[in-house]
Amino acid sequence: MKYIARRVNVDHGLALNLYDPLNYDAMYLAGLILDDVKMTTQDLHKWPKNAHGTSLANYGMDGILEKIRLGAWIDVD
911 MKYIARRVNV DHGLALNLYD PLNYDAMYLA GLILDDVKMT TQDLHKWPKN AHGTSLANYG
971 MDGILEKIRL GAWIDVD
């Protein structure tokens, strides 16, 4: 999967399209190629809810959250 992600690089539109069909492998790849700047709060809430089991939620989401600038997202007055 990481080989494919390196070939694709960052493609947020493709990542969103890959995640929607709820296919495990496609969802994992989506997490590898998403654009952290374009990730919305709605996406952050939707993605873990749709994860198949703990494996994708843990290993897929940790990569996503690692990419995103959480300080700006969390720092709400």
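Its first residue numbered 911, the sequence shown is counted upward by one per residue in my numbering. Glycine included, each C-beta is placed from N, C-alpha and C at the ideal position.
Non-local beta-carbon contacts of Asn960 in its own chain, meaning distances under 8 Å to residues more than five positions away in sequence, involve Tyr929, Leu932, Met937 in chain order.
Following the DSSP letters along the chain, one finds Val918 inside the alpha helix (DSSP H) bounded by residues 912 to 918. Between Leu944 and Met911 a beta carbon distance of about 14 Å is seen, past the 8 Å cut, so the two are scored as non-contacting.
Taking 8 Å as the cut-off, the beta carbon of Ile914 is found no closer than this to the beta carbon of Gly941.
No Cβ-Cβ contact shorter than 8 Å links Leu926 with Val918. The straight-line gap separating the alpha-carbon atoms of Lys956 and Asp946 is approximately 15 Å.
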